[in-house]
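First the structure, in the form of structure tokens, and then the observations on it.
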Amino acid sequence: MRRLTIACATIAVTVAALAAASPASANPYHLIRWQDSGFCQIWDQGIPTTPFPANYSVVSVELPTFEAAFALKTGLLSSGTCSF
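Following this line, the structure appears as structure tokens:
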């Protein structure tokens, strides 16, 4: 019984150490603008596909968070770069 307790404690400490050591997954975001409508959309680079159809252009650099991408989109909406 004592060995089982020590083994469980060792496994728990190992899992906790690995979880703390691995970096958080942060997929970058881009802002894309559709050519036909002028609609700007936040695109998550973590999605393994590209937007369809391919009539879009990337209008921003990689942004680290969704909040940063949303703030940029709000600014582009107010300046008239994006239609809606």
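Okay, so the sequence shown: first residue is 707 according to this note's numbering, each after it adds one. Note that the Cβ used here is the ideal one computed from N, Cα and C, for glycine as well.
When the alpha-carbon of residue 758 is set against those of 774, 772, 766 and 739, the nearest one is in 739. Taking all protein chains shown into account, residue 769 has 16 or more neighbouring C-beta atoms within 10 Å of its C-beta and is therefore buried. The beta strand (DSSP E) runs lying completely inside the region 734-787 and spanning 3 residues or more are 735-740, 746-750 and 762-764, given in chain order. Rounded to whole angstroms, residue 745 and residue 763 show a C-alpha spacing of 11 Å.
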